[in-house]
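Residue numbers (my numbering), protein chains in the order written: chain A, 5 to 273; chain B, 981 to 1307. Backbone N, C-alpha and C define an ideal beta-carbon position, used for all residues, glycine too. The structure under discussion appears below in the form of structure tokens.
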Amino acid sequence: MIRDVLHLIGVYTKTIMKSWFQYKVDAVLRSLAVFLRESTGIIVVYFTLLKFDTLNGWNVYELLFLFSLLFVTYGIMILFFTGLRDFGGTVRNGGFDRYILRPRGLLFQIIFVNADWFAAIGHGGLGIVLFLISASKVGIVWSFDKAMYYLFAIFGGVLIQGAIFLFLATLNIYLLETGSLKELFYWNARKFAGYPLSIFHKAIQTVMLYVVPFAFVNYFPAQYLLRKEDMAAYPEIFLYLTPALGVAMYLLAYVFWRFSLKYYKSSGN
Amino acid sequence: MSFIEVTNVSKRFRINKRAGGIPGMIANMFVPKYEYKQAVDGISFSIEEGEMIGFIGPNGAGKSTTIKMLSGILCPDSGSIKVGGYTPYKDRKKYVGNIGVVFGQKSQLQWDLPVIDSFELLKAIYRIPEELYQKNLNRFTEMLQMESFLYQPVRQLSLGQRMRADIVAALLHSPKIVFFDEPTIGVDVVGKETIRQFIRELNETDNITMIFTTHDMQDIEKVCDRLIIIDKGSKVYDGELSGIREKFGTTRQLDVEFTQECEIEPVENVQVIPLDNRKKRFVFENRDVKIDELMNELLTKYSIRDINISEPEIESLIRKIYNGEVS
């Protein structure tokens, strides 16, 4: 049973890779384009911070570390959840009907039939570069415990974003198109998440903590490793919630997904 | 209990009805107005194993919706569907392994990859045993003459080639039922004939139950034994193809070419249409006029060079059924 599933995942991945190699030059360029597009934002922050020195106590390398978590988690997340990102299109062009006609789990197919390696390499690559630049300069003494914490934080951060994607994808069943909702909730919140939570107005903080909880994707994991003074404003427990929150949010989104499937209407011809 | 049992099935869709223009769009955001469309309205039919059904009707008649309910994509609002003991939308994972679906307008092949790669993927998805896979692949590619393009990327194929590949893709796992939704659309005459022959042959040799929607009457005449016609969500005909003529095709026409120009005396219940100087067309209802008596009368009264009796084309009869001209 498990061998059968792993075999299928292998065949799906091989198929994606083969399609990818049909356009080698384009593949390299697209990854590079994503990498550079995201880098420009970072470069602006970098040169701004050179003038200000610190932002609420965070120096430029600590900020880059904060950014790196955001990009690393997105890079991994998009490898698994490309199908959820593009789910609106899949519903509209009838691709989802085809998933229903195959004797496999629906979410399983959505997750493993697609993987945007361009985005994964672009975002993930940038995350790794930022991590390499910053990790040695922010005074973290890496130990086994901290490395484990880091891995669990990445896992939680991936699931939190995956849950948001799953939730927005599920809305497609009712609305057919949710691109602007994703822009509104996901991408805008993500822009805030590049900076320390403490610099924002209370209202924004509330959103980042309780509505689209990006603060748990990078701010609190970074705080655990860096221990900046502005952490005093938040409960200590927030440092440890990321993996549990990721699992909880994902399960909740999954229940919503299962519930919504029976309202699926197909796209018509 | 038949193999496929559809009992009193209905399905309606809610459609968001927008007023025109930007004010309408904004109004719709706050106070959406909905309209209900009854796509399928209390349809019942049963199909035995191995039957070859033509499922036809005008655009928007509810064909696709019915096919989607039969294949488990949509669940009916009311009524019941049983296929080989399964309820499609409930037992999805177990059920869909037994069916194959060809959407003529939507390929299930990997666009950028050679045809064979899509087949290998399907082999893994459907857990097709190696032996069965090889057997089916060899047999179908030979029957459909696909050896020449099996290793070509799908994007380089002609529409006819792509359609053949899509048909094989739906059959690799040896389904018991196959739904063909317009499998010859856009395919040239030769390609259509190949596809029809293949479907016909497979139905006969493998006893696969097939349900076939199309707008091409040639498809129907050459492939299907039984027709189910639906219109506005309801069934309007269910029976043999030849039955359509008996039931609806009661009009006959007789084209007569006379040796010279002549005046025709009116005949009771027969409409006479002049075609040109010496040709006239006699149109009448089968039940009102005995054809031998009419011909006798014409032969004795006039000098005739040629005579030609024709029955109405199936296509024109079905067009009449669509238009509601017959009942």
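Residue interval of the beta strand (DSSP E) (run including residue i)
i	result
G1080/B	1079 to 1083
T987/B	984 to 996
I203/A	No beta strand (DSSP E) holds I203/A; DSSP gives it neither H nor E.
A219/A	No beta strand (DSSP E) contains A219/A, which DSSP labels as neither H nor E.
N1288/B	1284 to 1290
T1189/B	1189 to 1193
Residue nearest to residue i in terms of C-alpha spacing, selected from the options
i	options	result
P1155/B	I1105/B, T1174/B, L1130/B, V1081/B	V1081/B
L277/A	I115/A, V145/A, I132/A	Residue numbering for chain A in the displayed model covers 5 to 273; residue 277/A lies beyond these limits and cannot be assessed.
V1263/B	M1049/B, D1235/B, T1045/B, V986/B	D1235/B
G87/A	T44/A, W62/A, I114/A, Y223/A	I114/A
L1255/B	E1248/B, E1237/B, N1249/B, K1270/B	E1237/B
L136/A	E66/A, R106/A, K269/A, F122/A	E66/A
N996/B	Q1136/B, M981/B, E1015/B	E1015/B
T1193/B	F1035/B, N1276/B, I1006/B	F1035/B
S1087/B	L1102/B, K1048/B, M1143/B	M1143/B
I1033/B	R1180/B, L1102/B, F993/B	R1180/B
F91/A	K28/A, T246/A, F169/A, Y214/A	F169/A
L130/A	Y238/A, I6/A, E42/A	E42/A
F189/A	F204/A, I158/A, Y199/A, A167/A	A167/A
L33/A	A207/A, A226/A, F148/A, W121/A	W121/A
Q209/A	A226/A, Y238/A, G183/A, K186/A	Y238/A
Limits of the alpha helix (DSSP H) - the one that residue i falls within
i	result
E1273/B	1271 to 1281
I125/A	121 to 139
A226/A	223 to 230
A248/A	246 to 265
Chain B contact residues for residue i, given Cβ-Cβ distances below 8 Å
i	result
L12/A	A1104, I1105
G98/A	F1083, K1086
Between the CA atoms of residue j and residue i - distance to the nearest angstrom
i	j	result
D57/A	V48/A	14 Å
F75/A	F112/A	24 Å
N273/A	V251/A	With a pLDDT of 46 at N273/A, under the threshold of 50, the modelled position of this residue cannot be trusted; read the value that follows with caution. Taking the straight line from one Cα to the other gives about 38 Å.
L1297/B	E1265/B	14 Å
I1200/B	V1095/B	28 Å
F1159/B	I125/A	41 Å
L243/A	P217/A	13 Å
V117/A	V1134/B	18 Å
M1197/B	F1178/B	17 Å
T1164/B	K1172/B	6 Å
G143/A	F84/A	32 Å
Q1125/B	W1091/B	20 Å
G1030/B	E1184/B	8 Å
D1186/B	D1205/B	16 Å
R106/A	V9/A	14 Å
D30/A	I82/A	19 Å
Y1069/B	K141/A	57 Å
W261/A	R1299/B	44 Å
L1089/B	A1007/B	42 Å
V1148/B	Y27/A	27 Å
K1212/B	A1019/B	7 Å
Y254/A	M1123/B	48 Å
Chain-ordered neighbours of residue i on chain A, where CB pairs are closer than 9 Å
i	result
I1061/B	Residues of chain A passing the Cβ test: none, with the nearest at roughly 15 Å.
Chain-ordered chain B contacts of residue i [CB-CB under 7 Å]
i	result
S23/A	Q1090, D1092, L1093
R102/A	Q1088
K266/A	C1055
D8/A	R1107
S270/A	K1048, I1053, L1054
Proximal residues of chain A, C-beta to C-beta of residue i below 7 Å
i	result
S1051/B	L105
K1227/B	The premise fails here: K1227/B is roughly 29 Å from chain A at the closest Cβ pair, so nothing lies under 7 Å.
D1097/B	T19, K22
K1073/B	P107
V1076/B	L105, R106, P107
Within 9 Å, strictly: CB atoms of residue i and residue j
i	j	result
I1061/B	T987/B	yes
M212/A	L229/A	no
F71/A	N176/A	no
R1261/B	T1239/B	no
I1027/B	I1079/B	no
I1294/B	I1191/B	no
I203/A	N60/A	yes
F1228/B	G98/A	no
I1315/B	L110/A	Missing from the structure shown is residue 1315/B; chain B here goes from 981 to 1307 and no further.
A257/A	G160/A	no
I1023/B	S1214/B	yes
D1097/B	K232/A	no
I46/A	A119/A	no
Heavy atom of the ligand ATP within 8 Å of residue i beta-carbon
i	result
D1286/B	Absence of the ligand ATP from the depicted structure is noted, as is the absence of any ligand whatsoever, leaving it without description.
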